[in-house]
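As given, the protein sequences belong to chains A and B, one line each in that order.
Numbering-wise, my numbering puts 1344 at position 305 of the first sequence, and it's gapless, one number per residue.
Numbering-wise, my numbering puts 1096 at position 57 of the second sequence, and it's gapless, one number per residue.
One structure is given below, encoded as structure tokens.
Number of protein chains: 2
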Amino acid sequence: MAPFITKFDPYAPADFVVDKEAGTRSPARLEKIAIVGSGSWGTALARVAAINAATLEGFDDEVRMWVREREVPGKGKLTDIINTTHQNERYLPNVELPDNLIAVSDVKEVVKGATLLLFVVPHQFLPNVLHQLAKPGVIDPKARAISAIKGVEVDLRDDGADIYTYPYVIEKALNIPCSALGGANIALDVGKGEFCETTIGVPSPKDAALWHAVFDGPAFRVHPIEDVAGVSLSGALKNVVAMAAGFVDGMGLGGNTKAAILRHGLIEMSTFTLEFFPTASPLTFSHHSAGMADLITTSFGGRNRKCAEAFVRAKMEGNPKTFAQLEEELLNGQKLQGIATAREVFLFLQARKRLEGYPLFDKVYRISFEEMDPKRMFEDL
Amino acid sequence: MAPFITKFDPYAPADFVVDKEAGTRSPARLEKIAIVGSGSWGTALARVAAINAATLEGFDDEVRMWVREREVPGKGKLTDIINTTHQNERYLPNVELPDNLIAVSDVKEVVKGATLLLFVVPHQFLPNVLHQLAKPGVIDPKARAISAIKGVEVDLRDDGADIYTYPYVIEKALNIPCSALGGANIALDVGKGEFCETTIGVPSPKDAALWHAVFDGPAFRVHPIEDVAGVSLSGALKNVVAMAAGFVDGMGLGGNTKAAILRHGLIEMSTFTLEFFPTASPLTFSHHSAGMADLITTSFGGRNRKCAEAFVRAKMEGNPKTFAQLEEELLNGQKLQGIATAREVFLFLQARKRLEGYPLFDKVYRISFEEMDPKRMFEDL
């Protein structure tokens, strides 16, 4: 499947000043990448971007990554450790990070002078980050953003509800264009340089060219498409379906059942997106890596699947646990995005009186929060 | 996703004779089901059909299943064993078969009086079976067939090649309409009654109603669609992609890589089918169980994946084995359909000079038969 936007000028990342007499050209300004976030996925993407920045014409070599500072007992400050060992031991162990990737604890320092901002924080931290960055003079007004945040923002009102993607939230807060970066990407495998693909949803060919240049490589293939909302929604909703896949695993059911759940899940993801974001494309789900491939990866290997399996196992063994407990026990400080998204989507659909159109999303919520028997997941499908 | 054909008359399987005075009605003739094949998949489907036949109005209770007779040392004839123990110990162990499913060794006896014929033999046995059944008086000329055979038939000529689906081959040989039954279905899980789905491609609403009645149940959901060729081709081609998935596993690569291969594979499956069978529908691949769901099941759990993984492992350990050897070692007498299909599809595309449109199909063949390094699978994708 050819991506929607395939041709781009490899020199588009920077405008060039050409000196015809001297026969030279030099970039009008250097593109500078900043990574806002340093979890496992953020660190894996930072590694890819820093490797590319070091060789790309028109790019500043230095890539800064925001790390929330803390003392590691007996070892010193976390930023110092990352900048000395060139590893993010906690979130991406055993993966060497390039020297030109610099951990910085002040988010305003991270984005200073940056023209390309990757947002990859857990969504609950985003409002505070945007609040800081939205102040005048903090970011370059000509900068561009891309969001790898998995989730949706839902506003509940007395008479209904609205739903927003994070690229939209970022765009409105900072008044700069924001793209979306999808999967399929298990962070550790990306860190190891295994062959994989990602889809980016971009609002313009210029954004396509820039973000393609930042992330594309021989083992990390980037396909730009125009569907920003679809890429962002797919990244959020796939975590809800991955929880359903985890419930299947927890019940000890086999591959047929799991595949049936993924099929229904992908259809609900696509239908939901097209119902509430009518400019999105169904091909994002059926053909692109951000759709079916990301769903498969996440439903066989991701953390949402893992916790959902443990949730059902614990329940069936008569020792039920909440997702907050499982997050604590299994995720080493990482956040479970699927459970938050399952709740947001459920409340939104309930407020819009559209739950009956999404039986799988409905059941994932009720199994997680209302003690519904997981065996009832197959009803109404 | 609603199937294309959802509404059917539950009494459609048989025409009824109504006696208005007596206030009764009785079927004009009973539908009678015959299962031509008794491997693991055939036995699993026979079990489902026999359970339904026993309760459906208008159906003969008895369902006959063709079993190639042989002596089981110390135990007697295989048909007697199946009919006494109500288990097919070799191909579907630990699954109880209904009493009204009768194993019969003479294929002509199996189809005698049958109105509904399921073909589920390994494709290499089909010509001989059709040769016997095509003789006058052997099958009911008003019978209908459905094929669950995974493969394609390719005719190579000096100046090109032709490709046929098995429903087409059966239809032409027997002069009766033939539908296609897809996945996703790991036989043993179907035997255990786990929730799963199947897609049937049917040439008419009448066929849809009949075959839906034969196979549909609470745990085995049957969705009829009109795309006979698509369902049949998907069932064949998914085994080639599952081999690629097995190569990924054999190389020790992770979920991102496998998902990327499945994405490219599904696109090649769909593109191939639409190129050479233009009446097929892309939705069969992107939305229906016979497409993406069957591919997922097969690529994580099926026998083609398993042997392909072992093939690469053996090669990397410096102890290469052929697929014939692996079939012998790993499959307990079952046949590997993916490898035959990979070869047929390669030879067909080569003869049609279209290999460059299908880099994954091309590489699966070359890795399997031409000692290509499996690591080269990602080139050209």
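Every residue gets a Cβ at the ideal spot worked out from N, C-alpha and C, and that includes glycine.
Every value quoted in this text rests on a predicted model; they were computed, and no experiment measured them.
- Not a single CB atom of chain A sits nearer than 7 Å to the CB of residue 1082 of chain B.
- For residue 1110 of chain A, the pairing in a beta bridge is given by DSSP as A:1116.
- CA-to-CA, the gap between residue 1237 of chain A and residue 1345 of chain B works out to about 27 Å.
- Contact annotation: in the stretch 1319–1330 of chain B, residues whose CB is within less than 9 Å of a CB in chain A are 1321, 1322, 1324, 1325, 1326, 1327, 1328 and 1330.
- The criterion of a C-beta distance shorter than 7 Å is not satisfied by residue 1300 of chain B and residue 1319 of chain B.
- Setting aside the 5 residues that flank it on each side, residue 1276 of chain B is surrounded in the same chain by 1308, each with a C-beta closer than 6 Å to its C-beta; the list follows chain order.
- Taken through DSSP and simplified to helix, strand or coil, residue 1348 of chain A comes out as helix.
- The C-alpha of residue 1378 of chain A is placed about 15 Å away from the C-alpha of residue 1388 of chain A.
- Of all C-beta pairs linking the stretch 1075–1084 of chain B to the stretch 1145–1161 of chain B, three or more are shorter than 8 Å, placing the two stretches in contact.
- For the stretch 1217–1247 of chain A, the residues whose beta carbon sits under 7 Å from a beta carbon of chain B are, in order, 1223, 1224, 1225, 1228, 1229, 1233, 1234, 1235 and 1236.
- Residue 1209 of chain A is positioned such that its CB atom lies closer than 7 Å to that of residue 1186 of chain A.
- Taking 4 residues as the shortest admissible run, the stretch 1353–1414 of chain A contains the following complete alpha helix (DSSP H) segments, listed from N- to C-terminal end: 1362–1369, 1376–1390 and 1398–1408.
- Checking the DSSP bridge columns, you'll see residue 1192 of chain B partnered with B:1203.
- Just so you know, the alpha carbons of residue 1386 of chain B and residue 1266 of chain B end up roughly 25 Å apart.
- Residue A:1123 holds the alpha-carbon nearest to the alpha-carbon of residue 1114 of chain A among A:1107, A:1106 and A:1123.
- For the stretch 1118–1157 of chain B, the full-length alpha helix (DSSP H) segments reaching 4 residues or more read 1146–1150 along the chain.
- By the Cβ test, the stretch 1219–1236 of chain A is in contact with the stretch 1291–1306 of chain B, since at least three Cβ pairs between them sit closer than 8 Å.
- The beta carbon of residue 1254 of chain A does not come within 7 Å of any beta carbon belonging to chain B, so the residue lies off that interface.
- Residue 1211 of chain B sits exposed, since fewer than 16 C-beta atoms from the chains shown fall within 10 Å of its C-beta.
- Closer than 7 Å to the CB of residue 1158 of chain A there is not a single CB belonging to chain B.
- Linking residue 1394 of chain A to residue 1305 of chain A through their CA atoms gives a straight-line distance of about 16 Å.
- When the five nearest sequence neighbours on each side are left out, the beta carbons in the same chain lying within less than 7 Å of the beta carbon of residue 1286 of chain A are those of 1347, 1351, 1406, 1413 and 1416, in order along the chain.
- If you look at residue 1104 of chain B, you'll find it in the beta strand (DSSP E) that goes 1102–1105.
- Here residue 1218 of chain B is buried. Its C-beta has 16 or more other C-beta atoms within 10 Å.
- Inter-residue distance for residue 1383 of chain B and residue 1317 of chain B is about 20 Å (C-alpha atoms, whole angstroms).
- By the CB criterion at 7 Å, residue 1102 of chain A and residue 1140 of chain A fall inside the cutoff.
- Residue 1336 of chain A belongs to the set of residues whose beta carbon lies under 7 Å from a beta carbon in chain B.
- Assignment of alpha helix (DSSP H) within the stretch 1254–1282 of chain A, counting only whole runs of 4 or more residues, yields no such run.
- Against residue 1295 of chain B, the close residues of chain A are 1223, 1224, 1225, 1228, 1229, 1233, 1235 and 1336, in the order they occur along the chain (beta-carbon pairs closer than 7 Å).
- By the C-beta criterion, the stretch 1080–1097 of chain A is judged not to be in contact with the stretch 1163–1174 of chain A, since fewer than 3 inter-stretch pairs fall below 8 Å.
- The alpha-carbon of residue 1270 of chain A is positioned some 6 Å away from that of residue 1329 of chain A.
- Counting only the Cα atoms, residue 1095 of chain B lies some 31 Å from residue 1164 of chain B.
- The beta carbon of residue 1292 of chain B sits closer than 7 Å to some beta carbon of chain A.
- For residue 1339 of chain B, the nearest beta carbon of chain A is closer than 7 Å to its own beta carbon.
- If you check the CB distance, residue 1336 of chain B and residue 1294 of chain A come in under 7 Å.
- Here residue 1063 of chain A is exposed. Its C-beta has fewer than 16 other C-beta atoms within 10 Å.
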